[in-house]
Structures are given as structure tokens and as C-alpha cells.
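Engineer: If you're matching positions, the sequence shown starts at 1 in the UniProt record's numbering and goes up one per residue. Can you keep this structure in mind? I'll have questions shortly.
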Amino acid sequence: MSDFVSDFWGIWITAIVVAGFVGLTLLLFTQSKTTVKKGEQVETMGHVWDGDLEEYNHPLPRWWMLMFYITLIFGACYLVLYPGLGKWQGIRGWTSVGQYKEERAQAEAKYQPLYDNYLKQDLKAVAADPKAQEMGKRLFQTYCVQCHGSDARGAKGFPNLTDNDWLWGGDPKTIEATIQNGRHGQMPAWGSALGEEKVKDVANYVMSLSGKKHDAERATRGKETFTTICAACHGPDGKGNQQLGAPNLTDNIWLYGGTEKTIIETITNGRNNQMPAWKDFLGDAKVHLLSAYVWGLSNNAKAQ
């Protein structure tokens with residue numbers, strides 16, 4: 001409700017809730033007035049089906065009426081205590097965000113000392129600890145599988161974390177820095193600058209670097225363009241630059257796919273990758289555990 005840009009909507013919702021509550025109360029009250037004294041004939045509602053099937057105006061059972069009244073009383077108490085009337089926050093001041101923060105603070109107070117204990121240890125030592133790896137695995141399954149997959153083998157546009165091919169470097173400290181601060185990798189679009197034919201030439205030269213089947217004539221022409229433009233990031237030998245996050249083009253490991261069509265698409269339109277930073281959300285201790293788990297995926301057989 002606090003996100004409303006106008007007070008009108010808060011008033012409108014309050015009016016609907018109150019009107020509905022009052023209406024239900026009046027309906028229940030009027031129905032409770034229908035009684036039949038002993039010996040009196042129950043009136044019909046004037047509806048007849050199949051010639052002799054009539055609808056009688058029997059009063060509601062008392063136990064049923066009592067349940068409705070209890071429900072109304074509960075609803076009134078809820079609307080006083082909790083949000084439900086426009087911008088009214090309730091006398092308890094409860095919010096879902098507040099409850100989340102409270103529960104998270106309780107969990108942090110209980111488990112943070114355990115996390116802090118591992119923070120004091122070398123990352124490789126943490127990776128060799130089975131209990132720490134199990135904790136890191138749970139963190140990974142909570143925060144990382146959406147992009148890197150439950151098996152950490154990645155997907156199109158998301159790196160495989162189980163091999164030894166790293167865009168920014170795979171040593172423990174670099175992995176930890178990646179998780180803490182995030183990464184932003186950008187491949188500029190060259191389609192308009194090079195034109196369709198030169199893009200195809202470069203694509204075939206790139207394919208030749210990893211031994212893929214290619215057009216040799218186009219690859220020969222593409223080498224000059226690659227040396228002039230692409231080598232600035234990927235290096236003259238195409239082996240990439242981890243300082244820039246520029247991938248190695250000679251190992252036949254592809255982030256978006258290694259077909260001619262996909263490589264042409266990458267060169268033409270560019271790529272823009274964003275790895276979010278987790279330091280503020282997870283804290284140093286959890287990042288340390290998570291980094292040890294990720295490093296262990298490709299370096300520690302016990303962690304797999």
C-alpha cells in the first residue's frame with residue numbers, strides 16, 4: 001500500500017473492504033431474524049420445481065449462525081491488528097518485509113558464528129572440509145542454480161563451473177572476488193562496422209582457432225581483421241585475456257555455442273553478461289564458503 005502514488009487508491013480499497021464487511025454483517029443479521037415458533041407453518045419462498053418441490057424459508061441452524069458471527073469478529077480483529085484497510089498498517093505494524101528481516105536476524109544470530117569460523121581458514125582448507133562443502137553446496141543450491149544449473153555445468157550464456165575454463169580466472173581469490181563484487185563482461189557489436197562478409201570471414205577464422213570445420217579461404221581473409229580488431233581483447237593467438245573476461249577462442253569451449261551461425265551472431269550483435277555481486281546480501285563469511293565450494297567443483301575431487 002505504501003507504493004501507491006495517490007491516496008485515492010488507499011481510500012478506495014478501504015471503502016470496498018468496509019462495505020463488504022458491513023454488508024455481510026447486515027445479511028447475517030437479517031437472516032438470523034427468521035424464526036419459526038412451535039406449531040407455526042414454515043412459509044415458502046414461492047419457488048416450485050417439478051410440480052411439487054417447494055423452497056421453504058427455514059431459519060439457519062444456530063450453530064451455523066454462531067460460526068458466521070465468530071468469523072466476522074475474527075475479521076474485525078484482524079483488520080485492526082494487521083494491514084487490510086488501504087494504507088492502514090494495523091496497530092501491530094506488521095509487514096512481510098519486517099517479518100523476513102526478523103527471521104533472518106534470528107538465523108544469522110544462530111549460524112553466523114559457524115560461518116565466521118570458516119572465514120578464518122584458508123579457502124583451499126575450507127574446500128577440503130566435508131562439512132564446509134555441504135554448507136557451500138546448500139548456499140549454491142539456494143542462490144546459484146538459477147543461472148549455473150543444479151549440476152553447476154551452466155547453460156547458454158552462463159559458465160560451466162566444473163571445468164578449468166575460466167573467463168576471469170579460477171584461483172581461489174579470483175573466484176571469491178567474482179562472487180563478492182560480480183562481473184560485467186561485454187562483447188561489442190561489430191556487424192555495422194565490418195559488414196556481413198567480413199563478419200563471416202572472422203567467424204571462420206575463429207572456428208579455425210579451435211580446429212572446427214571451416215571455410216579456409218574465408219578464414220585466411222578473417223585473420224587480418226581478427227588481428228586488427230579482435231586481438232585487442234582476445235590476444236593475437238586468440239587465447240583470451242582473463243583481466244578483461246575475454247574468452248579463450250582456441251579450446252572449443254563456448255559460452256553461447258560454437259556453430260558458425262552462433263559465432264556470426266555474437267560478432268554481429270555483441271554480448272552483454274552480468275554476474276551480480278553477492279557481498280552485501282550474503283556477507284563475507286557466506287561468500288567465503290560459497291567460493292570454496294565453487295573452487296572445489298573443479299579442483300577438489302572430494303567436493304564433487
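Don't be surprised by glycine CBs; every beta carbon is placed ideally from N, CA and C.
Which residues mark the beginning and the end of the beta strand (DSSP E) in which W49 is found?
Structural biologist: Taking the sequence shown and counting its residues from 1, the one referred to as residue 49 is at position 49. Element bounds for W49: 44-49.
Engineer: Tell me the start and end of each unbroken alpha helix (DSSP H) in the stretch 247-292 that is at least 4 residues and wholly inside, in chain order.
Structural biologist: The qualifying runs are 260-269, 279-282.
Engineer: Looking only at its own chain, which residues have a Cβ that is under 6 Å from the Cβ of T268, when we skip the five neighbours before and after it?
Structural biologist: To locate residue 268, count along the sequence shown from 1; it is residue 268. Answer for T268: G191, V199, listed in chain order.
Engineer: Exposed or buried, what is W295 when buried is set at 16 or more other beta-carbons lying within 10 Å of its beta-carbon?
Structural biologist: As a working note, residue 295 is residue 295 in the sequence shown. It counts as buried.
Engineer: Drop a sphere of 10 angstroms on the beta-carbon of W63, count the other beta-carbons inside from all chains shown, and report buried for 16 or more, exposed for fewer.
Structural biologist: In the sequence shown, counting from the first residue as 1, residue 63 sits at position 63. By the 10 Å Cβ count, W63 comes out exposed.
Engineer: Considering only the alpha carbon of each residue, which of T162, V287, L297 lies closest to Q121?
Structural biologist: For the purposes of this step, residue 121 is identified with residue 121 of the sequence shown, where counting begins at 1. For Q121, the nearest C-alpha among the options comes from V287.
Engineer: Alpha carbon to alpha carbon, what distance is there between P276 and N181?
Structural biologist: Here residue 181 refers to the residue found at position 181 of the sequence shown. Here residue 276 refers to the residue found at position 276 of the sequence shown. Computed Cα separation, rounded: 7 Å.
Engineer: Residues in its own chain within less than 6 Å of F158 by CB, not counting five upstream and five downstream?
Structural biologist: Numbered from its first residue, the sequence shown carries residue 158 at position 158. Once the five neighbours on either side are set aside, the close Cβ partners of F158 are C147, H148.
Engineer: Are there 16 or more other CB atoms within 10 angstroms of the CB of P172, so buried, or fewer, so exposed?
Structural biologist: What you label residue 172 is simply residue 172 of the sequence shown in a count that begins at 1. Looking at its Cβ environment, which holds 16 or more other Cβ atoms inside 10 Å, P172 is buried.
Engineer: Throw me the rounded Cβ distance for the Y205 and G185 pair, which I believe falls under 8 Å.
Structural biologist: Sequence index remark: in the sequence shown, residue 205 carries index 205 (1-based). Sequence index remark: in the sequence shown, residue 185 carries index 185 (1-based). Their Cβ separation, rounded to whole angstroms, is 22 Å, which puts Y205 and G185 out of contact at 8 Å.
Engineer: Per DSSP, N241 is paired with what?
Structural biologist: Along the sequence shown, read from residue 1 onward, the residue named residue 241 stands at position 241. DSSP output for N241 lists A246 as bridge partner(s).
Engineer: Going by DSSP, name the residue or residues bridged to G93.
Structural biologist: Here residue 93 refers to the residue found at position 93 of the sequence shown. Per DSSP, none; premise fails for G93.
Engineer: Could you check the C-alpha separation between T178 and Y78 for me, to the nearest Å?
Structural biologist: As a first step, residue 178 is located in the sequence shown; it is residue number 178 there, counting from the start. As a first step, residue 78 is located in the sequence shown; it is residue number 78 there, counting from the start. Each residue's alpha carbon lies about 47 Å from the other.
Engineer: State buried or exposed for V97, treating a residue as buried only when at least 16 other CB atoms are found within 10 Å of its CB.
Structural biologist: By one-based count along the sequence shown, residue 97 stands at place 97. Label assigned to V97: exposed.
Engineer: Which parts of the stretch 98-162 are runs of the alpha helix (DSSP H), unbroken and 4 residues or longer, counting only runs that do not cross its ends?
Structural biologist: For the stretch 98-162, whole alpha helix (DSSP H) runs of length 4 or above, ordered along the chain, are 123-127, 130-143, 145-148.
Engineer: Is it buried or exposed, L282, if we count other Cβ atoms within 10 angstroms and call 16 or more buried?
Structural biologist: By one-based count along the sequence shown, residue 282 stands at place 282. Buried, because 16 or more other Cβ atoms sit within 10 Å of the Cβ of L282.
Engineer: Report back the beta-carbon spacing between L119 and L72 to the nearest angstrom; my notes put them in contact at under 8 Å.
Structural biologist: The residue given as residue 119 occupies position 119 in the sequence shown. The residue given as residue 72 occupies position 72 in the sequence shown. Contact doesn't hold; Cβ gap of about 54 Å is too wide.
Engineer: I need the straight-line Cα distance from D163 to S298, nearest angstrom please.
Structural biologist: Taking the sequence shown and counting its residues from 1, one reaches residue 163 at position 163. Taking the sequence shown and counting its residues from 1, one reaches residue 298 at position 298. The straight-line gap from Cα to Cα measures roughly 5 Å.
Engineer: Could you spell out the range, first to last residue, of the alpha helix (DSSP H) harbouring L79?
Structural biologist: Position 79 of the sequence shown holds residue 79. That run of the alpha helix (DSSP H) goes 62-81.
Engineer: Between L209 and the rest of its own chain, which residues show a CB-CB distance below 7 Å, the 5 nearest in sequence each way excluded?
Structural biologist: Taking the sequence shown and counting its residues from 1, the one referred to as residue 209 is at position 209. Contacts found: G238, L249, T250.
Engineer: Could you check what DSSP says for residue 335 in three-state terms: helix, strand or coil?
Structural biologist: Given that the chain is displayed from residue 1 to residue 304, the structure contains no residue 335 and the question cannot be resolved.
Engineer: Out of D7, Y143, G46, which has the shortest C-alpha to C-alpha gap to A290?
Structural biologist: Sequence index remark: in the sequence shown, residue 290 carries index 290 (1-based). A small fix is needed here, since residue 290 is Leu in this sequence, not Ala. The residue with the shortest Cα to Cα distance from L290 is Y143.
Engineer: Quick check on the burial criterion: 16 or more other C-beta atoms within 10 angstroms. Buried or exposed for Q274?
Structural biologist: In the sequence shown, residue 274 corresponds to position 274, counting from 1. Classification of Q274: exposed, given that the 10 Å Cβ count is below 16.
Engineer: Since H234 is in the alpha helix (DSSP H), which residue starts that stretch and which ends it?
Structural biologist: Sequence index remark: in the sequence shown, residue 234 carries index 234 (1-based). Counting along the chain, the alpha helix (DSSP H) containing H234 begins and ends at 231-234.
Engineer: Are there 16 or more other CB atoms within 10 angstroms of the CB of A219, so buried, or fewer, so exposed?
Structural biologist: Within the sequence shown, the letter at position 219 stands for residue 219. It counts as buried.
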